[in-house]
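Report on the following structure.
Numbering (this note's numbering), first residue to last: 211 to 393.
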């Protein structure tokens, strides 16, 4: 059995693949490859956007919850309200937040720019509507406070009158204590 060139061509090339259809096949393969590349690219873009959104969301929720959940009341610190008949808790909390702007994470932070507090005592002068905050930094000894802050609740600010904090502090009732429990 002798095979001619034509017979060999017919055996090796299917009928739907000939010289006339080669450009169409090349175009079809290129279109499929481009579609696959675009699909993969779109999928990669889509999942990176989702990841970015997730990261942003969890990052902002960490920031929001860092001051609340980083330290646990009763385990890391303790807050005691006393003499609540003199000043209500909401007024006291608002005044404390306004006077220092510090939150629990700041007070617990032992870094150079943190509060590094071991204890905070707040006394209330009802006649002058003042809070006297005694701040005790970590490492304090005895009853020696590290700093004092006087806050005028009526004016909503720390008065700049150069007054001696001892005169505001002596013989006043203790209304709030914050203590760091963890070392």
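Glycine residues also receive a C-beta, built at the ideal position from the N, C-alpha and C atoms.
Counting every other CB atom within 10 Å of its CB across the protein chains shown gives residue 364 a total below 16, marking it as exposed. Under the Cβ criterion (8 angstroms, minimum of three pairs), the stretch 354-361 counts as touching the stretch 326-343.
Secondary structure of residue 231 (DSSP, three-state): coil. Per DSSP, reduced to three states, the secondary structure at residue 387 is strand. With fewer than 16 other Cβ atoms from the protein chains shown falling within 10 Å of its own Cβ, residue 295 counts as exposed. The Cβ atoms of residue 335 and residue 306 lie no closer than 8 angstroms to each other.
Across the set 245, 323, 338 and 344, the C-alpha of 344 shows the shortest separation from the C-alpha of residue 332.
In the three-state reduction of the DSSP assignment, residue 287 falls in the strand class.
For the 8 angstroms CB-CB criterion, residue 292 and residue 384 form a contact.
Contact check for residue 339 against residue 320 fails: the beta carbons are separated by 8 angstroms or more.
In the displayed model, residue 334 falls within a strand according to three-state DSSP. Within the stretch 298-374, the complete beta strand (DSSP E) runs of at least 3 residues fall at 327-335, 340-347 and 357-362.
Note on geometry: alpha-carbon atoms of residue 298 and residue 253 lie some 57 angstroms from one another. One Cα belongs to residue 393, the other to residue 303, and the distance between them is close to 25 angstroms. Here residue 250 carries a helix assignment [DSSP, helix/strand/coil].
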